[in-house]
Structure formats: structure tokens, C-alpha cells
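*Asks:* Once you know that position 8 of the sequence shown is 398 in my numbering, the rest is easy, because the numbers rise by one and skip nothing.
Using N, Cα and C, we set each Cβ at its ideal position, and we do this for glycine too.
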Amino acid sequence: MRTLREEILACTDRQVRTLDGGRSHELVFHFDKNFTGFQGHFPGHPVLPAFVQLLTGQCALCVRSGSNWRLRRVERSKFLRTILPDQPVTVCWQEEPRNDRLRCSFTLLAGGEKAAVFTLEFDVEEGGHA
Numbered sequence: 391m392r393t394l395r396e397e398i399l400a401c402t403d404r405q406v407r408t409l410d411g412g413r414s415h416e417l418v419f420h421f422d423k424n425f426t427g428f429q430g431h432f433p434g435h436p437v438l439p440a441f442v443q444l445l446t447g448q449c450a451l452c453v454r455s456g457s458n459w460r461l462r463r464v465e466r467s468k469f470l471r472t473i474l475p476d477q478p479v480t481v482c483w484q485e486e487p488r489n490d491r492l493r494c495s496f497t498l499l500a501g502g503e504k505a506a507v508f509t510l511e512f513d514v515e516e517g518g519h520a
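1) Relative to the C-alpha of Arg491, which candidate in Gly502, Leu510 and Thr480 has its C-alpha closest?
2) Can you give, in chain order, each stretch of the alpha helix (DSSP H) that sits fully within the segment 436 to 469 and has at least 4 residues?
3) Check whether the segment 429 to 440 and the segment 454 to 465 are in contact - that is, three or more C-beta pairs closer than 8 Å.
4) With DSSP as the reference, identify every bridge partner of Asp513, one or two as the case may be.
5) Cβ of Thr426 within 8 Å of Cβ of Glu397?
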């Protein structure tokens with residue numbers, strides 16, 4: 391059985407686009423109707439749960455850096471529209487190193503429309519690769 395993180399990582403081709411001279415990054419995910427995160431949320435009307443959206447941002451960072459990052463805190467989050475099965479989800483983010491931490495501002499686009507914005511802070515990278 392795969393972990394939720396492994397399930398999320400299986401939903402991307404891992405081709406990170408770097409923009410703005412290296413200041414911004416994008417990675418596209420495709421969660422089909424059989425994705426674990428949709429199971430039971432909600433029966434008959436599946437939507438991608440907020441915690442999965444946050445974890446998807448963390449996974450995007452791990453793909454770009456090749457390292458694992460431990461989530462320290464969610465600074466703020468706003469979920470603007472539901473993400474449904476089979477919608478392409480583009481994770482866009484900027485990274486801001488702060489001493490021994492990393493602060494990232496994420497925007498999730500679902501079908502090209504803004505679905506969520508959130509800022510996460512991570513502790514220094516842990517051993518291992520994404």
C-alpha cells in the first residue's frame with residue numbers, strides 16, 4: 391500500500407518549470423477519479439480535500455529540490471473553489487529562505503482558475519529524496 395504522499399507524487403510527470411529567473415516554479419498534477427484523496431470526500435461528489443492540497447504543495451517543493459522538507463506551520467490558507475477529479479492542477483510557488491527554514495507561497499490553479507492560495511513554512515531539509 392502506498393502512502394498518500396506517494397499517491398500524490400504518482401500524479402505528476404515531475405517536470406518542474408522554473409520562471410522569473412529562478413524565483414518561481416510550476417508543476418502540474420492530474421488527479422483522476424480513482425485518486426485515493428477523493429475516496430469518501432464526498433460520496434457522489436468527490437472534491438480534493440484541503441489537507442491534500444497543502445500536501446500537494448509540499449510534494450511539488452520536494453520534487454523541485456530533490457529533498458524532503460518537514461512542514462513546520464501553515465501561515466495562512468484560502469480555498470477559493472473546489473478541485474474535482476480529472477482537472478489539471480497547476481501548483482505555482484515562490485521560495486523564500488529564512489535562516490534554517492524555508493517559507494513558500496503557493497497558488498493552486500484548477501482548470502486554469504485560482505483554486506487555493508497558501509503559505510507554508512518548512513524546517514531544514516531532512517535526509518532522503520522525494
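*Replies:* In short:
1) Leu510
2) 440 to 455
3) no
4) Arg491
5) yes
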